[in-house]
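> My questions will all concern the structure given below.
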Amino acid sequence: YIWPHGDKYEGWFNSGNRHGRGTHHFLNGDNYTGDWINDTRTGEGIFTWFDGGKYEGQFITGNRHGQGTQLYLNGDNYTGDWINDARMGYGVLIWSNGEKYEGQFSVNNIHGRGTQLYLDGSNYTGDWVNDTRTGQGVFVWGTHTKWAGDKYEGQFKENKMHGRGTYHYAEGKNYIGDWINNTMTGEGMFTWPNGEMYEGQFSAGNRHGRGTQLYSDGSNYTGDWMNDTRTGQGVFVWGTQTKWAGDKYEVQAHLDTSFGNSIIFTESNVYRTHSVLEASRIYGKIQRFIHISTDEVYGETPSGSN
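Numbering (this note's numbering), first residue to last: 763 to 1068.
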């Protein structure tokens, strides 16, 4: 049967309708060969687009519906479930560059649980929302990246490490804690292969805030950190493997607006903050005393002060 506008159908009819097996040649160059029911593409068939795209699989009322394989003009191909002409359900999508995704789809997007293999050798298995890594998952960096062998397991948001997660470095370091936009930010614990450990607050990947560091020589520090350095108030205790084993340094920063109040502060805190002075009074000569102060005082001294 040939339509006035140029389309052509060759195959089975029933009561004037295309019904059974047949081939329809469209005027624009598209072609369909397969099953028909009451003038609609329903059943198994092959649809070829004039530009080179091709679908082979199941149809219902003219739409790709059920199981089928789509070959795209750009070289991508998809094999899996279809609902009403959209990739929906479980399937495998292979890109022309060799990357591959296997898992769940929703309305043509990667959505649900699935695994993505990347061109650089990296891979991700976990949750997806609208084509982005969002939810719980595991990402392993490939051999063609500068993070080869590193692994992150935890929460993601729009392709970034975000929430709670664990990062394993290939060289043996580990971080467990909070993430914001791909950076260690919040509360967490970082361990080194040599046994050192830090537990506390982080910001933009650095130790920042309050935290405790345990060192490989047995020393430990608890206090303030700023951009990965001990800055602020804290307590440092030297470990058994140092020549100062058992020594303790404790500092308390103080800023006051009057010189008189600063004198009161010093007098009232000398035996607590600078306990080494009391030890000197009782035991005699002290061989080593370190004092670091950022205090600022100004103003007139009260009468009688030295």
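Cβ coordinates follow ideal geometry from the N, Cα and C atoms, glycine included.
Return the bridge partner residues of H786 from the DSSP annotation.
DSSP output for H786 lists Y771 and Y794 as bridge partner(s).
> By Cβ distance below 7 Å, which residues in the same chain neighbour Y931 in space, the five residues on each side in sequence not counted?
So the qualifying residues of the chain are D912.
> Cutting at 7 Å between CB atoms, please list the residues of its own chain near N870, excluding the five before and the five after it.
Hits under 7 Å: A848 and R849.
> So, for Q829: in the same chain, excluding its five sequence neighbours on each side, which residues have a beta-carbon less than 6 Å away from its beta-carbon?
Here the set comprises G819 and Q820.
> Considering only residues of the same chain and omitting the five flanking positions on each side of D838, which have a CB-CB separation below 6 Å?
Cβ neighbours of D838 beyond the five flanking positions: W857 and S858.
> Determine the extent of the beta strand (DSSP E) in which W987 is found, giving its start and end residues.
Note, W987: beta strand (DSSP E), N982 to M988.
> If you drop the 5 nearest sequence neighbours on each side, which residues of the same chain put their C-beta closer than 6 Å to that of D893?
Counting only Cβ-Cβ distances below 6 Å, and skipping sequence neighbours, we find N871 and I872.
> Please classify S777 as buried or exposed, where buried requires at least 16 neighbouring CB atoms within 10 angstroms.
With fewer than 16 other Cβ atoms within 10 Å, it is exposed.
> Which residues in the same chain as N706 place their Cβ atom closer than 7 Å to its Cβ, once the five residues preceding and following it in sequence are excluded?
The chain is shown from 763 up to 1068; residue 706 falls before or after that span and cannot be answered.
> Where are the beta strand (DSSP E) runs, 3 residues long or more, that stay fully inside the region 918-955, in chain order?
Counting whole runs of 3 or more residues, the region 918-955 contains the beta strand (DSSP E) stretches 922-930, 936-942 and 945-953.
> Locate the beta strand (DSSP E) running through V997, then write down its first and last residues.
Here the beta strand (DSSP E) through V997 covers T991 to V999.
> Which of the three DSSP states, helix, strand or coil, is assigned to K913?
Reduced to three states, the DSSP call for K913 is strand.
> What does the alpha-carbon distance come out to for the pair V1038 and G927?
Its pLDDT being 47, under 50, V1038 is placed unreliably by the model, and nothing is read from it.
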